[in-house]
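All remarks here apply to the structure that follows.
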Amino acid sequence: MRAIHVTEFGGPEVLRLVEVPEPRPEPGRLLIDVSAAGVNYADTHAVEDSYLSRTTLPMIPGGEVVGRTEDGRRVVALADNYGGYAEKASVLEDLAIDVPDAVSDGQALALIVQGLTAWHLLRTSGRMAAGESVVVHAAAGGTGSLAVQLAKTFGAGRVIATASTPEKRELALSLGADVAVDGDADGLKDRLTEANGGRKVDVVLEMTGGPVFEESLAALAPFGRLVTYGMASRQAPQPVHAAQLMGRSRAVVGFWLMHAVARPGMYREPMAELLDMVGDGRLSPQVGGVYPLSDAARAHEDLRARRTVGKLVLDTSR
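Oh and the sequence shown: position 160 is 160 in UniProt numbering, straight run, nothing missing.
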C-alpha cells in the first residue's frame with residue numbers, strides 16, 4: 001500500500017510517499033480502508049520528535065482516519081499508534097465511531113481530534129459558564145473555528161477571536177465571534193481587554209505558547225482560566241509562579257486529548273453530541289484544504305506557515 005513513511009526526524013522534507021506492507025489483522029483492532037486522513041498541528045511536532053509523547057522511527061504519521069471497515073461500516077477513528085497517512089490503517093475497535101450519512105469525511109475528521117478538543121477545552125478544562133467571556137486564539141484554525149461556534153452554543157456572553165490576517169478574522173466573525181482582533185503578541189493583553197469592553201476576560205483557549213501565553217495570562221480576570229493545549233510557536237513561556245495565580249485568583253490548566261480518550265464519558269459521548277450538531281446544522285466544521293496523499297509535505301508546510309484555515313485533509317486516492 002502507499003503511505004507516508006518517515007525514517008529521520010525533521011520538517012516537512014522528511015515526509016516521503018513509499019510502498020509499505022499493509023497492516024495485519026489483530027485481535028481488538030479494525031482494519032480500515034482509509035478514504036481520507038486528517039492533518040493536525042501535532043503531526044508537525046511528531047515528525048520532528050518534539051511532541052508530548054516521544055516518537056520512534058520508522059513511522060507513518062497521522063492520528064485520525066475515516067474510511068470503511070472490512071464489513072462495510074463507515075467509521076472515523078483515532079489511530080492510537082499513528083499510521084493514518086496511508087491507504088490502510090489499523091485502529092482499536094474502541095476508538096472507531098460510526099459516521100452518519102449526513103456527515104462528510106472531512107467533517108468527521110474535523111471532529112475526532114479538533115472537535116473533541118474544543119468541546120473539552122470549554123466543558124472539561126475551561127469550565128465555561130453561561131455569560132462568561134471566552135478568548136479563542138487561532139480562531140480560523142481547525143480547533144479554533146469549532147471552539148468559536150461551540151462557545152456561542154454553550155452560552156458564552158462574549159466570544160473574542162484572534163487570528164493573524166483580516167481574512168481569518170472575518171471567517172471567525174462569520175462563525176459567531178462577537179469581535180476579532182490581531183493575534184500578535186505585541187499589545188495582545190490590551191487588545192483583549194478592549195475587545196471585552198475594558199474588562200479582563202474569563203476564559204482563554206491558548207495554543208501558541210511563548211509571549212502569547214504570557215499576554216493571555218495577564219488578560220485574565222479574577223477567577224479566570226487559561227487553558228493551554230499547544231505550543232505552535234515552538235517557544236516556551238516564562239515560568240508561572242504561584243504568586244501570579246494567587247494574586248488574581250487565576251488558573252492555568254493544561255489539556256491533552258489523549259488523557260480524555262480512555263475515560264468513561266469523555267470520548268464517545270461528546271463525539272455523539274458533535275456529530276448530532278453537524279447533522280442538524282448547529283455546527284459547521286470548516287474543511288480548509290484537501291491535499292493528495294503525495295502532497296503531505298506541502299500540507300505540513302502550509303500549516304506551519306499559517307497559510308491555512310479549518311481542517312486539512314489528505315485524500316488517499318491521490
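Note that beta-carbon positions come from the ideal geometry of N, C-alpha and C, so glycine has one too.
query, result
"Spatial neighbours of Met271 in its chain, beta-carbon cut-off 8 Å, leaving aside the 5 residues before and after", "Ile97, Leu111, Ile112, Gly115 and Leu116"
"The segment 144-151 contacting the segment 120-130, beta-carbon criterion three pairs below 8 Å", "yes"
"Same chain only: Cβ atoms within 8 Å of Met1, ignoring 5 sequence neighbours per side", "Glu19, Val20, Pro21, Glu22, Ala86, Glu87 and Lys88"
"Beta-carbon spacing of Val136, Ala129 below 8 Å", "no"
"Short Cβ contact (8 Å threshold) for Val252 with Leu283", "no"
"C-alpha distance - Glu48 paired with Gln244, whole-angstrom precision", "33 Å"
"N- and C-terminal bounds of the alpha helix (DSSP H) containing Gly289", "Per DSSP, Gly289 belongs to no alpha helix (DSSP H); it is in the beta strand (DSSP E), Val287 to Pro292."
"From Lys200, Gly62 and Ser294, residue whose alpha carbon lies closest to that of Leu109", "Gly62"
"Beta-carbon separation (whole angstroms), Leu57 vs Glu8, contact threshold 8 Å", "7 Å"
"Length of the line joining the Cα atoms of Ala77 and Pro264", "17 Å"
"Simplified DSSP state of Ala77, which is helix, strand or coil", "strand"
"Neighbour-count burial assignment, Met246, 16 or more Cβ in a 10 Å radius", "exposed"
"Environment of His259 [buried if 16+ CB atoms lie within 10 Å]", "exposed"
"C-beta contact flag for Gly177 and Ala161 at 8 Å", "Reading off the sequence, residue 177 comes out as Ala, not Gly. Yes, these two residues count as a Cβ contact at 8 Å."
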